[in-house]
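Peer 1: So in our numbering the end of the sequence shown lands on 369, straight run, no missing numbers. Ideal placement from N, C-alpha and C gives every residue a C-beta, glycine not left out.
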Amino acid sequence: MPIKTRIKRQLLLGWLLTPISLLVADDEKKTFFESKIRPVLAEKCYDCHSGQSQKVKGGLRLDHISLIKKGGDTGSAIEAIDGLEPLLLEALSYENPDMQMPPKEKLPSSVLADFKRWIEGGAYWPEEAVPDVGASVARSSFDLEKRRKEHWCWQPILKAKLPSPSSKAIIRKPLDAFIQAALGEHGIAPAEPADRRTWIRRVYFDLIGLPPSTDQIAAFLEDSAPDAFEKVVDELLKSPHFGEKWARHWMDLVRYAETCGHEFDYPLEHPHEYRDYLIRAFNADLPYDQLLIEHVAGDLLEKPRRHPKDQFNESIIGTGYWYFHEAVHAPTDPKQDNADRIENQLDVFGKTFLGLTIGCARCHDHK
3 MPIKTRIKRQ LLLGWLLTPI SLLVADDEKK TFFESKIRPV LAEKCYDCHS GQSQKVKGGL
63 RLDHISLIKK GGDTGSAIEA IDGLEPLLLE ALSYENPDMQ MPPKEKLPSS VLADFKRWIE
123 GGAYWPEEAV PDVGASVARS SFDLEKRRKE HWCWQPILKA KLPSPSSKAI IRKPLDAFIQ
183 AALGEHGIAP AEPADRRTWI RRVYFDLIGL PPSTDQIAAF LEDSAPDAFE KVVDELLKSP
243 HFGEKWARHW MDLVRYAETC GHEFDYPLEH PHEYRDYLIR AFNADLPYDQ LLIEHVAGDL
303 LEKPRRHPKD QFNESIIGTG YWYFHEAVHA PTDPKQDNAD RIENQLDVFG KTFLGLTIGC
363 ARCHDHK
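(1) Could you check which residue in Ala183, Leu109 and Lys151 has the C-alpha nearest to that of proline 333?
(2) Determine the direct distance from the alpha carbon of tyrosine 290 to that of glutamine 157, and round the result to whole angstroms.
(3) Buried or exposed: where does phenylalanine 244 fall if 16 or more other Cβ atoms within 10 Å of its Cβ makes it buried?
(4) Tell me which same chain residues have a C-beta within less than 8 Å of the C-beta of leucine 294, skipping the five on either side of it?
(5) Within 10 angstroms of its Cβ, does serine 226 collect 16 or more other Cβ (buried), or is it exposed?
(6) Just to check my reading of the structure: tryptophan 127 and isoleucine 80 have Cβ atoms closer than 8 Å, yes? What is that Cβ distance to the nearest angstrom?
(7) Just list the residues that DSSP pairs glycine 189 with in beta bridges.
(8) Check whether the Cβ atoms of tyrosine 206 and proline 195 lie closer than 8 Å to each other.
(9) Going by CA-CA distance only, name the one from Trp248, Arg277 and Leu164 that's closest to glutamate 260.
(10) Using the C-alpha atoms, what's the distance from threonine 200 back to arginine 174?
(11) With distances taken Cα to Cα, identify the nearest neighbour of valine 256 among Phe351, Gly189 and Glu130.
(12) Quick check for students: name the residue ranges of the alpha helix (DSSP H) that lie wholly in the stretch 201–236, counting only runs of 4 or more.
(13) Could you tell me how far apart the beta carbons of glutamine 347 and histidine 366 are, in whole angstroms, since I believe they sit closer than 8 Å?
(14) Check whether the Cβ atoms of leucine 209 and leucine 238 sit closer than 8 Å, and answer yes or no.
(15) Would you identify the three-state DSSP class for glycine 352, choosing helix, strand or coil?
(16) For lysine 57, which of Gly74, Phe34 and Thr359 has the nearest alpha-carbon?
(17) Per DSSP, which residues does asparagine 315 bridge with? Please list them.
(18) When we look at the beta-carbon of asparagine 285 and count the other beta-carbons within 10 Å, is it buried (16 or more) or exposed?
(19) Where does glycine 245 sit, in a helix, a strand or coil, going by DSSP?
(20) Quick check for students: name the residue ranges of the alpha helix (DSSP H) that lie wholly in the stretch 69–152, counting only runs of 4 or more.
(21) Considering only residues of the same chain and omitting the five flanking positions on each side of cysteine 362, which have a CB-CB separation below 7 Å?
(22) Below 8 Å on the Cβ atoms is my guess for glycine 186 versus serine 166; work out the distance and round it to an integer in Å.
(23) Taking the C-alpha atoms as reference points, what is the distance between leucine 164 and lysine 31?
(24) If we call anything under 8 Å between Cβ atoms a contact, is serine 317 one with proline 306?
(25) To the nearest angstrom, how far is the alpha carbon of glutamine 338 from that of isoleucine 344?
(26) Considering only DSSP beta bridges, list what threonine 261 is partnered with.
(27) Distance, Cα to Cα, histidine 264 vs aspartate 312?
(28) Ignore the nearest five residues each way along the sequence and tell me which others in phenylalanine 314's own chain have a CB closer than 8 Å to its CB.
(29) Measure the C-alpha to C-alpha separation of alanine 220 and alanine 249 and round it to an integer number of angstroms.
(30) Could you give the distance in angstroms between the alpha-carbon of glutamate 232 and the alpha-carbon of isoleucine 121?
(31) Can you say whether isoleucine 181 is buried or exposed, counting buried as having 16 or more other CB atoms within 10 angstroms of its CB?
(32) Between the Cα of glutamate 275 and the Cα atoms of Glu246, Asp236 and Gly320, which residue gives the shortest distance?
(33) Within a Cβ cutoff of 6 Å, which residues of the same chain sit near leucine 90, ignoring the five residues on either side of it in sequence?
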């Protein structure tokens, strides 16, 4: 289904007329912890500082946040006492010759920066029981096929039964019934429909990210035609600003950037080519499946999509999203840096195109 058709249906089904606050869970801290912190702890620290250690050195365990906060013989590992740097950061920095961890080699500065960010951000740790001594070594059987059949995300999509909200609910389209039923479950009464002046400002910001002019507002307020709302939506969907606004959301998914970050933040070459490709795709109402195909394999298509005027290959530009990556200037371990880039590419691919967090598989398997 074309992108604009999807958006237009949503608008005309009344979601702009019913203001609803959506609470979106932010899993950024969890993702950061599982990709940047736990793997380092498991690989570099657990041999000496976990429940699986033959002897816990220094009385310090690092396999649960409660134990990290409690600390070992020298105190808490992550609490800054009397303005001093947390002991964990002091050990990782190698600044104290009597406290250098891991003992065999100093970790890259980027890893130290990750741990500093983790601690300053509150030292996120998922809710889980403290591992028993030796428990982390044991492995239990895991029926992957059984899990696949039972987990909700693998179930086939079925046609939902239309709910029956209260008689006071305003039902214009089937979608309204689902919205009103959910509001009713939480004891929330539907808001009154927005007035026309409010509505036109909302739809302008929603579709093109810009406010309507005074002339555009006046013209809409004077338009008494039954399709006045639809005409405004159609006009905005045809606006070149539509692609500029909505491509921005997609750029966030593929972590678009024009520089590589890190200490020198050097620029990427020609990132705007991908940005402009996205804007053209949204403005051309490119079908969603075609957009995905071009991102994953646009360079392999036998009949790529061509620009209608200049005839250059549009499809191949979609693969440019693979080019955006986390970068480290002059990495101390080039192989590790390359593995990090590939892992990041796969992680973004899984989240954006599969709706799955596959990045965990770098350090974890089914257990």
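Peer 2: Reading off the structure:
(1) Leu109
(2) 22 Å
(3) buried
(4) Phe355
(5) exposed
(6) Their Cβ separation, rounded to whole angstroms, is 10 Å, which puts tryptophan 127 and isoleucine 80 out of contact at 8 Å.
(7) Answer by DSSP bridge pairing: none, since glycine 189 is not bridged.
(8) no
(9) Arg277
(10) 19 Å
(11) Phe351
(12) 216–224
(13) Not quite, the Cβ-Cβ distance comes to about 19 Å (not below 8 Å), so this is no contact.
(14) yes
(15) helix
(16) Gly74
(17) Arg308
(18) buried
(19) helix
(20) 89–95, 111–122 and 146–152
(21) Glu36
(22) Not a contact, Cβ separation roughly 10 Å.
(23) 37 Å
(24) yes
(25) 10 Å
(26) Pro269
(27) 37 Å
(28) Arg308
(29) 29 Å
(30) 51 Å
(31) buried
(32) Gly320
(33) Ala79 and Ile80
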